[in-house]
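Reviewing the structure listed below.
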DNA sequence: CTGAAAGCGCTAACAG
DNA sequence: CTGTTAGCGCTTTCAG
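Residue numbers (the UniProt record's numbering), protein chains in the order written: chain B, 1 to 340; chain D, 1 to 340.
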């Protein structure tokens, strides 16, 4: 038998106080049409007097949506949570849900145990849908959720033929455009600092870099590529390695803003002038803007639109369970700020 | 009448398949004692076969806890969410809950509408308790939750006589100790960059600064104090102002790590050597450590312990609804890294 | 327009 | 040890 938290009035008590039936109270709190204005008012007075708040468990048991969606951040290395991109996405998604009754719940999924717990939570019916970000290629979570029939939208994808609805930026195109810009500016010794290559987003940005060089007939090779993990520290390490291998490097494409910042610091410490001696292009510029670094050219991702689009797709799937997944790829924008 | 998401088996179907009663299945999934081993196995097989997952709404309606707690971040200015301290706290709380069945839900509460929505969510019975961080002095949320009988624990407090359970660091003592250290090192022209003074934590750190100077009989005044908002940008602005007012400043206590970083940058740009000419002390060192700045002396907050303690207090209040609130104030630690 | 009643899936007490 | 039963609070027909 269920026991109630004391002092939590029920719909039935409201009905009694207002002198109406339970159904009527239900109609009032759900803004259903077809209730006489005077009755509605009486009910509302009773609700206010008792400080009544609907029991959400009962409501969703009775078939109503949970009015909540989860944004799961699946990242073993939790340090990355502090990175501006994550915060920006959370903010963008929050904004997109601001005018709805849907509560956003951000959850961390770091370990297998947490993954398990989260799946039970989500499948248990406490959320109507799930947004996922920072998915690695081997993450089974999206499938677990989608297979359970839960509306699921990914930020980014795990591979070229993702079988779950996702929103992604045109990473290949963005990287290609950036490198084309460097080539156009006369640079020829162009290196790149990639993200973790078990993430598709990192593979795409690397591919864009390679394609641009190939198209221009400029040679490249593994020695011009250094792998990082999106963090500033890894950017420093990678930049140092590139400098060792190619002292004559004259441009660097970093797959993240933080890594660009790291590269910048190492180049300066090595006495290189940026962008005169070496041009640096990163993705986004949260960090650099925050630190008031001199404005660098960047590949800007449409974060606002990513958030809005993810929410739109999720709400649509919640309305009408789609049979097919949908894929949206948003264009990036090269923001040129230095001509050197 | 409730409609089910298709393909979601119920406990009843499991019972039917296993050839037992519903009660028995319930016992098995709740690991209750008193079930014959063979029966248990049969039930588990049925569960696996059907891919059964308990409906959490039904479970909590039947009186079981929701097995979820919310960590609400009440901050109008969402940029701050990206700050390392927030991420660290989220991580610490997550760690403290890692071995439990309790799901952590991080929520943003930025506007009044979001506050309202969150209160309904929490009071609706979807969480067993609430952790709050980044509360400003005039935030009514803690009272709204506590009045509703929801176990609530604050990180920090809104004033000297907070009427809700909280965990705080000894901010006054930490600031006092830091300034005493500076005085001991021979500094006399000591300025401070405070946090937003509508937050008690900022007031305490300012008070500690003032107390230390008074005790030492060193004069001070409003012109040595500049208010920031914990962000790096505000730290820059504040430092510039202090330099203008007191070119001879020889030490600065910044109420946050980010502001210390900002102050550092401005001092260097002004040609000051740190710490030889001017000593800088901040609280924590997430940012500085991340950026591999030269090691500065810092006032370290016990983030891990803060998270652990908050979780412990919350779980205790969930077990046995306390009549009284409890207050825990954790000691900070001065980490001395430069002798200059 | 409104009241009554069935049912959502689960737990816990009570019989056996 | 296990089946049965009575709710938990709400939504939603279905009558009136």
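Cβ atoms here follow ideal geometry from the backbone N, Cα and C, with glycine treated the same way.
Please read all numbers here as calculations on a predicted model, not as lab measurements.
For residue 54 (chain B), the chain D residues whose Cβ falls inside 7 Å of its Cβ are 124, in order along the chain. In this structure, residue 35 (chain D) sits near residue 27 (chain D), with a CB-CB distance shorter than 9 Å.
Taken in chain order, the members of the UniProt domain "HTH lacI-type" (9-63) of chain B whose beta-carbon sits within less than 7 Å of a beta-carbon on chain D are 53, 54, 55, 56, 57, 58, 60, 61, 62 and 63. Taking residue 204 (chain B) as the centre and dropping the five residues before and after it, the same chain places the C-beta of 171 and 172 closer than 6 Å to its C-beta, in chain order.
Below the 8 Å Cβ cutoff, chain D contributes 101 and 103 as neighbours of residue 117 (chain B), in chain order. Closest in alpha carbon position to residue 30 (chain B), among B:19, B:16 and B:56, is B:56. Proximity of the segment 154-174 of chain D to the segment 100-109 of chain D falls short of the contact definition, fewer than three beta-carbon pairs being nearer than 8 Å. A residue is called buried when at least 16 other Cβ atoms come within 10 angstroms of its Cβ; residue 161 (chain D) does not meet this threshold and is exposed. Of the other Cβ atoms in all chains shown, fewer than 16 fall within 10 Å of the Cβ of residue 37 (chain D); this residue is therefore exposed. Contact check for residue 297 (chain B) against residue 257 (chain B) fails: the beta carbons are separated by 9 Å or more.
By the criterion of a C-beta distance shorter than 6 Å, residue 285 (chain D) is surrounded in its chain by 257 and 298, once the five residues flanking it on both sides are discounted. For residue 326 (chain B), the closest Cβ of chain D is not nearer than 9 Å. Along the segment 163-243 of chain D, the beta strand (DSSP E) occurs as fully enclosed runs of 3 or more residues at 166-169, 190-194 and 225-227, listed in sequence order.
Residues of the same chain with a CB within less than 6 Å of the CB of residue 231 (chain D), apart from the 5 flanking positions on each side, are 258 in chain order. Chain-order list of chain B residues neighbouring residue 120 (chain D): 53, by C-beta distance under 7 Å. Taking the CA atoms as reference points, residue 227 (chain D) sits about 31 Å from residue 260 (chain B). Rounded to the nearest whole angstrom, the CA to CA distance from residue 136 (chain B) to residue 235 (chain B) is 20 Å. With a minimum length of 4 residues, the unbroken runs of alpha helix (DSSP H) contained wholly in the segment 101-148 of chain D fall at 112-121 and 141-147. Counted as a single uninterrupted DSSP element, the stretch harbouring residue 282 (chain B) is not any alpha helix (DSSP H) but the beta strand (DSSP E) occupying residues 279-283. For residue 62 (chain D), there is no enclosing alpha helix (DSSP H), since its DSSP letter is neither H nor E. When beta bridges are read from the DSSP output, residue 252 (chain B) appears opposite B:191 and B:280. Counting along the chain, residue 311 (chain B) sits inside the alpha helix (DSSP H) bounded by residues 303-319. The beta carbons of residue 157 (chain D) and residue 208 (chain D) sit no closer together than 9 Å. Residue pairing from DSSP places residue 327 (chain B) in a beta bridge opposite B:166. Nearest to residue 281 (chain B) by alpha-carbon distance, out of B:178, B:185, B:319 and B:309, is B:178. Against chain D, the CB of residue 273 (chain B) has no partner CB under 9 Å away; the residue lies outside that interface. Chain order gives the chain D residues near residue 107 (chain B) as 103, 104, 105 and 106, where near means a beta carbon separation below 8 Å. With a cutoff of 9 Å on beta-carbon distance, residue 182 (chain D) and residue 279 (chain D) are scored as near each other. Close CB contacts of residue 304 (chain D) within its chain, under the 6 Å cut and outside five residues either way in sequence, are with 92 (chain order). Against chain B, the beta carbon of residue 94 (chain D) has neighbours under 7 Å at 108, listed in chain order. Looking at D:25, D:60, D:45 and D:123, the one whose alpha-carbon comes closest to that of residue 53 (chain B) is D:123. Counting along the chain, the unbroken beta strand (DSSP E) around residue 334 (chain D) starts and ends at 333-335. Collapsing the DSSP output to three states places residue 274 (chain B) in coil. In the DSSP secondary-structure assignment, residue 25 (chain D) is not bridged to any residue.
If you ignore the 5 residues before and after residue 270 (chain B), its C-beta comes within less than 7 Å of the C-beta of 243, all in its own chain and listed in chain order. Proximity of residue 98 (chain D) to chain B, defined by a Cβ-Cβ separation below 9 Å, is satisfied.
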